[in-house]
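Using our numbering, you'd call the opening residue of the sequence shown number 1106 and step up by one each time. Read through the structure below, which is laid out as structure tokens, and then see the notes.
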Amino acid sequence: MRRYDLVIFDFDGTLADSFPWFLATINGVADEFGFRRFDVARLDEIRSLSARELMARSGLRWWRVPAVAQHMRALMSAQIERIALFDGVAELLAQLAQDGVQLALVTSNSRANVERVLGPALLAQFRDVRCGAAVLGKRRKLRASLRACGVPAARALCVGDEIRDAEAARQAGIAFAGVAWGYTLPAALQPHTPLPLLQRPYALSALVLPP
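Set out below in structure tokens:
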């Protein structure tokens, strides 16, 4: 028997391995928009921060966040060949869909970027796809995804790699499973969910479809 009828995925750092691209790109964006550069020597510290903490430390003004996010999406689009799915993600999505689990996606990335990384076959596995979410505003889109899929919050699971994903899931009343391979360090993400972090994509199958 399924434990969850719907799994709502984040994209970057959860399905797509985009963190190396982010690191290679962010300081150029910082120079262009006038916020502090990331000190790669302090990467573990940076990866332990929430999105709010990271923005505060960088000196990025809140009103500039949408413009920065849009610029990052455009840069990724121009270099999309550098972004690939994590190993095992394609197999995981196919398995969950085959077993009758509804799949949804809520991301601040663009629809075009998502489509190009997932490809048409995998994208077709998703019942609901919501792109362009505010960097700190996923709660509404999560609730909209529940309504679109006709699944109550108690029967849904949100899967993501950042503290903001966990916070949005909690605000929407949805259980959250964090992944250990994304942007946020596992030690910083684990306190935000009672569920053990997923160490590999296939581990999600056992959580959603217990033996």
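The beta-carbon is built from N, C-alpha and C at its ideal position, and this holds for glycine as well.
Under 8 Å between C-beta atoms of residue i and residue j
i, j, result
"Asp1270", "Lys1243", "yes"
"Arg1166", "Ser1215", "no"
"Val1112", "Leu1208", "yes"
"Val1264", "Asp1115", "yes"
"Leu1197", "Tyr1307", "yes"
"Ala1282", "Leu1309", "yes"
Residue i - partner residues in DSSP beta bridges
i, result
"Gln1207", "Leu1111"
"Val1234", "Leu1210"
"Phe1281", "Cys1263"
"Leu1190", "Ala1121"
"Gly1242", "Ala1239"
"Leu1303", "Val1284"
Bounding residues of the beta strand (DSSP E) (the contiguous stretch that carries residue i)
i, result
"Asp1136", "Run containing Asp1136: none in the beta strand (DSSP E); it sits in the alpha helix (DSSP H), Phe1124 to Phe1138."
"Gly1224", "Not the beta strand (DSSP E): Gly1224 falls in the alpha helix (DSSP H), residues Arg1216 to Leu1228."
Spatial neighbours of residue i in its chain, beta-carbon cut-off 6 Å, leaving aside the 5 residues before and after
i, result
"His1297", "Ile1268 and Ala1271"
"Ala1135", "Arg1142"
"Ser1155", "Ile1268"
Bounding residues of the alpha helix (DSSP H) (the contiguous stretch that carries residue i)
i, result
"Arg1178", "Val1170 to Ala1183"
"Asp1149", "Leu1148 to Ile1151"
"Leu1294", "Pro1291 to Leu1294"
Spatial neighbours of residue i in its chain, beta-carbon cut-off 8 Å, leaving aside the 5 residues before and after
i, result
"Phe1138", "Leu1165, Arg1169, Ala1172, Val1173 and His1176"
Same chain, Cβ closer than 7 Å to residue i, neighbours up to 5 away in sequence not counted
i, result
"Gly1278", "Ala1258"
"Arg1260", "Tyr1109, Asp1110 and Leu1111"
"Gln1276", "Arg1244"
"Ala1273", "Lys1243, Arg1244 and Leu1247"
Segment contact flag, the stretch 1155–1172 with the stretch 1244–1255, C-beta cutoff 8 Å, min 3 pairs:
no
When the Cβ atoms of the stretch 1226–1244 are set against those of the stretch 1141–1152, are three or more pairs found closer than 8 Å?
no
With a cut-off of 8 Å, do at least 3 Cβ pairs link the stretch 1117–1134 to the stretch 1271–1289?
yes
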